[in-house]
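Novice:
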Amino acid sequence: MIDLHYWPTPNGKKVTILLEECGLPYKIVPVNIGRGDQFSKEFLEMNPNHRMPTMVDHEPKDGGKPITIFESGAIMMYIAEKAGKFYPQDVRTRYDVNQWLIWQMANQGPKSGECGHFRRVDQAKEGDQKYAITRFTDEVNRLYGVLNNQLYKHKYLAGDQYTIADMICYPWTINWKFQGQDIEEFKYFKRWFEELGARPAVQKGMAVGADLSVDNTKLPPEEQARIRKMLYNQRARPVPA
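Going letter by letter, the sequence shown gives residues 1 to 241 in the UniProt record's numbering.
1) In terms of residues, what are the limits of the alpha helix (DSSP H) holding Ile75?
2) Taking one C-beta from the region 138-157 and one from the region 88-95 each time, how about it: are there three or more such pairs within less than 8 Å?
3) Taking Lys125 as part of the alpha helix (DSSP H), name the residues at either end of that continuous run.
4) Among Ala132, Pro30 and His117, which has the Cα closest to the Cα of Asp228?
5) If we ignore side chains and look at the alpha-carbon of each, how far apart do Tyr78 and Leu44 end up?
6) Compare the C-alpha of Ile28 against each of Gly209, Gln234 and Val239 and name the closest.
7) To which residues of the same chain is Gln38 closer than 7 Å at the C-beta, ignoring the five residues directly before and after it?
8) According to DSSP, is Ile174 part of a helix, a strand, or is it coil?
9) Taking three-plus beta-carbon pairs below 8 Å as touching, is the region 207-223 in contact with the region 170-177?
10) Between Met1, Glu184, Thr16 and Asp3, which lies nearest to Ile168 when the distance is taken from Cα to Cα?
11) Does Pro10 come out as helix, strand or coil in the three-state DSSP assignment?
12) Roughly how far, in whole angstroms, is the beta-carbon of Gln179 from the beta-carbon of Ser112, given that I think they are within contact range, below 8 Å?
13) Just the Cα atoms here: how many angstroms apart are Asn233 and Lys13?
14) Round the Cβ separation of Tyr87 and Ile164 to the nearest angstrom and send it over; I've been treating them as touching at under 8 Å.
15) So who's on the other strand from His154, going by DSSP bridges?
16) Thinking C-alpha only, which one of Lys41, Leu19 and Asp62 is nearest Met55?
17) Let me see if you follow: with CB-CB separation under 8 Å, is Lys61 close to chain C or not?
18) Looking only at its chain, what residues have a beta carbon closer than 7 Å to the beta carbon of Gln108, apart from the 5 residues adjacent to it on each side?
19) Determine the DSSP secondary structure at Val29, reduced to helix, strand or coil.
20) Identify the continuous alpha helix (DSSP H) that holds Val56 and give its terminal residues.
21) For residue 270, which beta-bridge partners are listed by DSSP?
22) What is the DSSP secondary structure of Asp3, reduced to helix, strand or coil?
23) When you compare only the Cα positions, how much space is there between Arg199 and Val239?
24) Quick one: using the 10 Å Cβ neighbour count with 16 as the cut-off for buried, is Glu21 buried or exposed?
25) Determine the direct distance from the alpha carbon of Met230 to that of Ile133, and round the result to whole angstroms.
See the structure below:
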């Protein structure tokens with residue numbers, strides 16, 4: 001059994017899509033990031049970066065003690081390798097997949113997250129954010145272009161096979177409209193996007209934790225302020241005494 005310490009964000013949904021595609025049994029352990037569960041002592045022992053998702057496999061293939069892994073890309077490589085699915089093992093194709101996993105973790109995820117962050121900022125309270133909004137909206141547009149050009153040449157991101165490279169990128173594209181993008185600008189990306197969105201396992205993976213989601217905009221102002229203070233502008237945590 002795999003325990004997935006999870007909250008329904010794009011980074012969590014990457015992993016649930018893969019688990020559903022592989023048909024592996026798993027249990028969701030909610031990590032309420034608005035409440036601050038990711039900063040608990042128990043969670044930090046599993047993930048020193050205090051971010052979800054984190055995975056604990058209680059039945060690793062080597063038969064040893066449970067394995068704990070953080071970072072969604074590493075989790076996906078582990079699960080796909082364990083299942084023997086969606087992660088080709090010949091060196092050329094494997095590194096085709098690896099480079100897109102790293103591209104997503106280093107580019108698509110962070111830049112899309114910053115785009116969403118600055119587009120949500122209340123400029124009346126926080127000041128003029130036009131430069132940041134333009135900077136990250138344009139960068140996300142560039143990244144959609146990278147996807148579109150790759151999908152012009154290939155059916156899937158790593159070639160003709162559907163792999164974890166596709167699964168890791170898909171959840172960050174769902175909110176293309178909120179990211180200030182026009183999907184009609186990217187014909188080949190749109191074909192891929194619609195094909196993946198029609199897959200039953202993708203639909204199931206994306207729906208995991210729907211009952212956990214919280215619309216922060218409907219919370220009292222003081223609670224919204226508490227969450228912003230906790231989640232944003234974090235600095236280094238001291239070494240435990």
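Idealized CB from N, CA, C, for every residue including glycine.
Specialist: Reading it off the structure:
1) Ser72 to Ala83
2) no
3) Gln123 to Glu126
4) The sequence given here has Arg at residue 228, not Asp. It is His117.
5) Taking the straight line from one Cα to the other gives about 20 Å.
6) Gly209
7) Val31, His50, Arg51 and Met52
8) The answer is coil: DSSP assigns Ile174 none of H, G, I, E or B.
9) With a cut-off of 8 Å, the region 170-177 and the region 207-223 do not count as touching, because too few Cβ pairs lie within range.
10) Thr16
11) helix
12) 6 Å
13) Whole-angstrom Cα-Cα distance: 25 Å.
14) 6 Å
15) In DSSP, His154 forms no bridge with anything.
16) Leu19
17) Among the chains in the structure shown there is no chain C, since it carries only a single protein chain.
18) Taken in chain order, the residues that qualify are Leu143, Cys169 and Trp172.
19) strand
20) No alpha helix (DSSP H) holds Val56; the beta strand (DSSP E) holding it covers Thr54 to Asp57.
21) Nothing about residue 270 can be reported from this structure: the residues present for the chain run from 1 to 241 only.
22) strand
23) 45 Å
24) Label assigned to Glu21: buried.
25) 22 Å
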